[in-house]
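Heads up: the sequence shown begins at -7 in our numbering, then just goes up one per residue.
We put the CB at the ideal spot given by N, CA and C, even for glycine.
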Amino acid sequence: MGLLMVGMLAHAALLYPYVVTLYGLNFNLFNIISLISLFFLFFYFLFCLYRPIVSLGILAAPTALVGLTIGYIGRAPYQPITNISIGLEAHILLSLAAYCVLLMAAVQALFLRLQIRELKHHSIHRFWVNKLPSLQSMESLLFDMLLVGFVLLSIALGIGFIYVEDLMAQHIVHKTVFSYCLGYCLGRYWSVIGVLDGGANVPPI
């Protein structure tokens, strides 16, 4: 875990001058890929603090390395974002973090599905399944990822609602609609989970 922390700090130090420039924030495609890979490593580190999922580091570390490499060697038109408030900066970063952890949840769901299938059919080619955390840990991790993604997305949307002057402006209307639809779907999902997981009194959304 110590090496993971060092790698994460080194990744952030290398990425910072590419994103935060003298002329404003530079969120080009390659910087976004590198930033998402940094979030990926950060969330993996957080989940490792209380879940026995260290073995998943075989995926987390190479993914972060690939993202860092792409961000370092990739070049895109330089269009810095200037004159934006701290609130909008927080909105952008929280949105990226939310979509990153939800992407992790999608990959986690795929691995969980494959793990269940291999265990169910007693496949002789399931050596890779034995390298994964236990089924219970994988399921709990998936729920954690979905919950964290929902919370981050909700906060990001709330900040965006406060700081963006016109949420339905032509150039961001599709982002607004898709983001609120995703937030609604995740909210409905957690309402159902709350009811199924012991009859919790979760109000309908």
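>> When you compare the segment 21 to 34 with the segment 54 to 69, are there three or more beta-carbon pairs, one atom per stretch, that lie closer than 8 Å?
In response: yes
> Just the Cα atoms here: how many angstroms apart are residue 102 and residue 128?
Replying inline: Indexing the sequence shown from 1 puts residue 102 at position 110. Indexing the sequence shown from 1 puts residue 128 at position 136. For residue 102 and residue 128, the distance between alpha carbons rounds to 15 Å.
> Helix, strand or coil: how does DSSP classify residue -4 here?
Replying inline: The count along the sequence shown starts at 1 and reaches residue -4 at position 4. Three-state DSSP puts residue -4 in a helix.
> Just how far apart, CA to CA, sit residue 126 and residue 36?
Replying inline: Numbered from 1 along the sequence shown, position 134 holds the residue referred to as residue 126. Numbered from 1 along the sequence shown, position 44 holds the residue referred to as residue 36. In a straight line, the C-alpha of residue 126 is about 16 Å away from that of residue 36.
>> Looking at the secondary structure, which residues open and close the alpha helix (DSSP H) in which residue 91 lies?
In response: Here residue 91 refers to the residue found at position 99 of the sequence shown. Per DSSP, residue 91 belongs to the alpha helix (DSSP H) from 78 to 113.
> If we count the other Cβ atoms within 10 Å of its Cβ and call it buried at 16 or more, is residue 78 buried or exposed?
Replying inline: Mapped onto the sequence shown, residue 78 falls at position 86. Exposed.
> Which same chain residues, not among the five before or five after residue 132, have their C-beta less than 8 Å away from its C-beta?
Replying inline: Counting from 1 along the sequence shown, the entry for residue 132 is found at position 140. So the list reads 43, once near-sequence residues are dropped.
> With 16 other CB atoms within 10 Å as the buried threshold, where does residue 75 fall?
Replying inline: Counting from one through the sequence shown, the residue named residue 75 turns up at place 83. Per the 10 Å Cβ criterion, exposed.
> To which residues does DSSP link residue 13 through a beta bridge?
Replying inline: What you label residue 13 is simply residue 21 of the sequence shown in a count that begins at 1. For residue 13, which the question treats as bridged, DSSP gives the partners 16.
>> On the criterion of 16 or more Cβ atoms from any shown chain inside 10 Å, does residue 113 qualify as buried, or is it exposed?
In response: Mapped onto the sequence shown, residue 113 falls at position 121. Exposed, since its Cβ has fewer than 16 Cβ neighbours within 10 Å.
> Going by DSSP, which residues form a beta bridge with residue 24?
Replying inline: Numbered from its first residue, the sequence shown carries residue 24 at position 32. Answer is none; residue 24 lacks a bridge partner.
> What residues match up with residue 73 in a beta bridge as DSSP calls it?
Replying inline: Your numbering for residue 73 matches position 81 in the sequence shown. In the DSSP output, where bridge partners are listed per residue, residue 73 has 17.
> CA-CA distance, residue 197 and residue -5?
Replying inline: Counted from its first residue, the sequence shown places residue 197 at position 205. Counted from its first residue, the sequence shown places residue -5 at position 3. Per-residue confidence for residue 197 stands at a pLDDT of 42, beneath the threshold of 50, marking its modelled position as unreliable; no derived number is given.
> Do the CB positions of residue 90 and residue 148 come within less than 8 Å of each other?
Replying inline: Along the sequence shown, one-based indexing puts residue 90 at 98. Along the sequence shown, one-based indexing puts residue 148 at 156. The answer is yes: Cβ separation under 8 Å.
> Which of the three DSSP states, helix, strand or coil, is assigned to residue 44?
Replying inline: For the purposes of this step, residue 44 is taken as residue 52 along the sequence shown, with counting starting at 1. DSSP places residue 44 in coil when its eight states are reduced to three.
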